[in-house]
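Down below is the structure, laid out as structure tokens.
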Amino acid sequence: MILVVNAGSSSIKFRLFDTSEKQPKDILDGLAERITIDGIVSFKYEGTKYKFEVDLPNHEVAVDFILKKLVEMKIIKSAEAIKAVGFRIVHGGTISESSVISTEVFNTIKDAVKLAPLHNPGAITAIEAVKKVMPNANLVACFDTAYHQTLNQEQYLYAVPYEWYEKHGVRKYGFHGISYQYITQQLANNLNKDLNKVNAIICHLGNGASIACIKEGKSFDTTMGLTPLAGVMMGTRSGDIDPSIIEYICNELKITVKEATSILNKQSGLLGMSGETSDMRDITNGYKQNKPNFIRSLNKYSQVAADYIIRFANLIGHDIDAIVFTAGIGENSETTREEILKRLPLLDIELDSKANEVDYDESKVISTKNSKIPVIVMRTNEELMICLDTIKLIK
Ligand code: ADP
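Here is the structure:
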């Protein structure tokens, strides 16, 4: 059994995989939330939902509670049945692959707190908690940044004083790498191609969103930067803006840089532009009802995504295997896919409107046979990717 953990400062998402067969099977999906506030642990097992209200003063108590519940409900024989725990870590600095959590790796995750102050501290607390509660388990870290360590300097450097990079690590790191790694591998399988020959543009459009340019099976460029704030427009994040807006709006609104940055992260994007919602389901519904605030939001969202797709197409050249849509919006919003694709006249894409609307299982082609570049929707599975990397590392 392998446990996959995605922890925040007050929550732990977890998924348990049975690894006794060749293909790991997820058997339980759960969430411990409101840690340090009061506490709720919920999970789904064999189609039934369970919920426990329990005092969770810290992550350690939460991990201990989860394990005891799994044993008590006979889902696992004992805590030792879980051979390894794979952690999703947002920022791994310049670590280029999933790694066993040695002291050195743990210190790198700690050093990256200044780059990901909202994300890494929760993961660190969770690692420390699991170490205490499960001293015999192997611990593995999988990073959202690692997959993008193949970028060239041309792609990862900003045109700022070089010292900012050398002394302060100011560079593009990129995120959603676990998802891109999974999708690229699935795409290679689907196309029956060697992984190192796959060229694709992958649009990971969830609440957080980014796009990656995959050239010869590796990340060649991506839209997020030093932090996940950069790139395409998102649910509540602005994506790219003129950096001078920050000083200007701080003066206008008499707010601090920290406050302005928080607005760019939490009150911008679809939420900021529509003034109502960050949820793409509401946006596309409002768009169909001709509401101006939803029209401008979806138009901007689609145009920015299309602008990056064409940039990345130019980086790959002529041999693009596919444009892939994935994550909550990419997988489910046919309207958003259509709006983005219709803004790419240079690529001679022909959408199969019917295929675009029909539901699917794991993946589906949504372009016609005449389309110069195939367009595919694929379901991502970051937890499975973490589980597979964890298995590889503990063997
Ligand atoms: P994250 O993991 O970044 O929190 P998700 O990948 O879960 O986000 O994606 C969340 C987004 O997906 C939300 O904007 C939600 O509205 C959108 N979404 C989910 N289902 C649909 C759907 N059927 N149609 C349109 N958008 C959808």
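Counting from 3, one number per residue, gives the positions in the sequence shown under my numbering. Every residue, glycine too, gets a C-beta built ideally from N, C-alpha and C.
- The Cβ neighbour count for Y250, taken over all protein chains shown within 10 Å, is under 16; the residue is labelled exposed.
- Between the ligand ADP and G233, a heavy atom-to-CB distance of less than 8 Å is absent.
- Beta-bridge analysis with DSSP links M380 to S365.
- Ranked by Cα distance from S80, the first of M3, Q269 and R339 is M3.
- Counting C-beta atoms within 10 angstroms of its own C-beta, Q151 has 16 or more neighbours from the protein chains shown and is therefore classed as buried.
- Setting aside the 5 residues that flank it on each side, G227 is surrounded in the same chain by K174, each with a C-beta closer than 6 Å to its C-beta; the list follows chain order.
- Bounds of the alpha helix (DSSP H) holding T286 are M282 to K290.
- With a threshold of 16 other beta carbon atoms within 10 Å, P26 meets it and is buried.
- The three-state reading of DSSP puts E359 in helix, counting H, G and I together.
- At least one heavy atom of the ligand ADP is found less than 8 Å from the C-beta of D281.
- Here the alpha carbons of G41 and K51 stand approximately 17 Å from one another.
- Per DSSP, the beta-bridge partners of G88 are V6 and V142.
- DSSP places E218 outside both helix and strand once states are collapsed to three, so it counts as coil.
- Residue environment: K116 is assigned as exposed (fewer than 16 neighbouring CB atoms within 10 Å of its CB, all protein chains considered).
- Within the same chain, Cβ atoms closer than 8 Å to the Cβ of T382 are found at S181, Y184, I185, H206, T328, A329 and E333, the five residues on either side in sequence being excluded.
- In this structure, the C-beta of A329 approaches the ligand ADP to less than 8 Å from one of its heavy atoms.
- Around V259, the same chain offers I248 and C252 as residues with beta carbons nearer than 7 Å, after the five sequence neighbours per side are excluded.
- No residue range can be given for H178, since it is assigned to no beta strand (DSSP E) and is classified by DSSP as neither H nor E.
- Looking at the backbone, the Cα of E261 and that of S270 are separated by about 13 Å.
- Excluding five sequence positions before and after S98, the CB atoms of its chain that fall closer than 7 Å to its own CB belong to A148 and Q151, given in chain order.
- Cβ-Cβ distances below 7 Å link D242 to A232 and G233 in the same chain, with the five nearest sequence neighbours on each side left out; the list follows chain order.
- Spatial neighbours of P230 in its own chain (CB-CB distance under 6 Å, excluding positions within 5 residues in sequence) are listed in chain order as F177 and G210.
- With contacts defined as CB atoms closer than 9 Å, I14 and I91 fail to qualify as a contacting pair.
- Taking the Cβ of G176 as the reference point, every heavy atom of the ligand ADP lies at 8 Å or farther away.
- Listed in chain order, the alpha helix (DSSP H) elements of length 4 or more contained wholly in the stretch 30-80 are 61-74.
- For S101, the pairing in a beta bridge is given by DSSP as A143.
- Of the residues V172, N301 and G319, the one whose Cα lies closest to the Cα of E218 is G319.
- Annotation for T229 indicates a beta carbon at 8 Å or more from all heavy atoms of the ligand ADP.
- With 16 or more neighbouring CB atoms inside 10 Å of its own CB, M380 falls in the buried class.
- For R313, the enclosing alpha helix (DSSP H) has its first and last residue at P294 to I318.
- DSSP, read as helix, strand or coil, puts D391 in helix.
- Within the same chain, Cβ atoms closer than 6 Å to the Cβ of A307 are found at V234 and I342, the five residues on either side in sequence being excluded.
- Rounded to the nearest angstrom, the gap between the Cα atoms of K394 and E106 is 20 Å.
- Around the beta carbon of Y362, fewer than 16 other beta carbons lie within 10 angstroms, which makes this residue exposed.
- Distance from the C-beta of S299 to the nearest heavy atom of the ligand ADP is not below 8 Å.
- Within its own chain, the residues whose Cβ lies closer than 8 Å to the Cβ of Y310, once the five positions on either side in sequence are excluded, are I213, T225, G233 and V234, listed in chain order.
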